[in-house]
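J.: Mind looking over this structure? Questions follow.
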Amino acid sequence: MLAAAHGDPAGEHLEIVLGPAPPDPGGRAVWCAISNEIEAHRDRASRAPGPAGTGQLGRLLGDRPTYTTKEWDRVAGLVNDAPALLEIASTNERSADAAIEDPRLWRAALDRNVKVIDAARAALKPEPPDVSMELGW
9 MLAAAHGDPA
19 GEHLEIVLGP
29 APPDPGGRAV
39 WCAISNEIEA
49 HRDRASRAPG
59 PAGTGQLGRL
69 LGDRPTYTTK
79 EWDRVAGLVN
89 DAPALLEIAS
99 TNERSADAAI
109 EDPRLWRAAL
119 DRNVKVIDAA
129 RAALKPEPPD
139 VSMELGW
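If you read the sequence shown in this note's numbering, its first letter stands for residue 9, the second for the next number, and so on.
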């Protein structure tokens, strides 16, 4: 992942989808964590990326299975959220030093920033209408 984060051509498929790895250690840690999740999924799925006619996620992760979609959906969600995750990590992980390049810390950085996005989504989610108000009580 670090080689891909530093522009190694072997990670070109990751850079196409995620953009280049951010220069700051926190953003780079989250980029590497997402990249690691993508590569782990590709290894577990043990299939080549989908054909050129499929969407960007299909080419990256393989076609979405018609059964047991939980893993594919989780990784696809990380890819979709990557721009926001990387932006948040660049701010939240600003105090991190170069040690954040330690692969053991990537997942922790990703998890912290996923929690921020989840909390923001929960705050924006409208509350269900009050039944008593709906009935005019």
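We treat Cβ as the ideally placed atom computed from N, Cα and C, and that holds for glycine.
Just the C-alpha distance for Lys133 and Asp126, rounded to the nearest angstrom, thanks.
T.: Here residue 133 corresponds to residue number 125 of the sequence shown, with the count starting at 1. Here residue 126 corresponds to residue number 118 of the sequence shown, with the count starting at 1. Their Cα atoms are separated by approximately 11 Å.
J.: If I measure Cβ to Cβ from His21 and keep anything under 7 Å in the same chain, skipping five residues before and after, which residues do I get?
T.: Working through the sequence shown from its first residue, we reach residue 21 at position 13. Excluding sequence neighbours, His21 sits near Leu68.
J.: Return the Cβ separation of Asp38 and Leu118 in integer angstroms, given the expectation that the two are a contact with Cβ distance under 8 Å.
T.: Residue numbering aside, residue 38 sits at position 30 when the sequence shown is read from its first letter. Residue numbering aside, residue 118 sits at position 110 when the sequence shown is read from its first letter. The amino acid at residue 38 is misidentified as Asp; the sequence shows Val. Yes, Val38 and Leu118 are in contact; Cβ-Cβ is about 5 Å, under 8 Å.
J.: Under 8 Å by Cβ, that's how I've got Gly35 and Ala97 pegged, so tell me the actual separation to the nearest angstrom.
T.: Your numbering for residue 35 matches position 27 in the sequence shown. Your numbering for residue 97 matches position 89 in the sequence shown. Going by Cβ atoms, the distance from Gly35 to Ala97 rounds to 5 Å, so yes, they are a contact pair.
J.: Extract the residue ranges of the alpha helix (DSSP H) inside the stretch 36-89, only unbroken runs of 4 or more that lie entirely within it.
T.: Qualifying alpha helix (DSSP H) stretches, in chain order: 64-69.
J.: Using CA coordinates, which residue listed in Asp51, Asn121, Arg50 and Gly66 is at the minimum distance from Pro91?
T.: Position 83 of the sequence shown, counted from the start, is the residue given in the question as residue 91. With distances taken between Cα atoms, Pro91 lies closest to Asn121.
J.: Does DSSP put Lys123 in a helix, in a strand, or in coil?
T.: For this step, residue 123 is matched to residue 115 along the sequence shown. Helix, per DSSP.
J.: With a 10 Å radius around its C-beta and 16 neighbouring C-beta atoms as the bar for buried, classify Pro30 as buried or exposed.
T.: Position 22 of the sequence shown, counting from 1, holds the residue named residue 30. The residue in question, Pro30, is buried, as its Cβ has 16 or more Cβ neighbours within 10 Å.
J.: Mind checking whether Gly27 and Ala53 have CB atoms under 8 Å apart?
T.: Numbered from 1 along the sequence shown, position 19 holds the residue referred to as residue 27. Numbered from 1 along the sequence shown, position 45 holds the residue referred to as residue 53. In this structure, Ala53 does not lie closer than 8 Å to Gly27 by Cβ.
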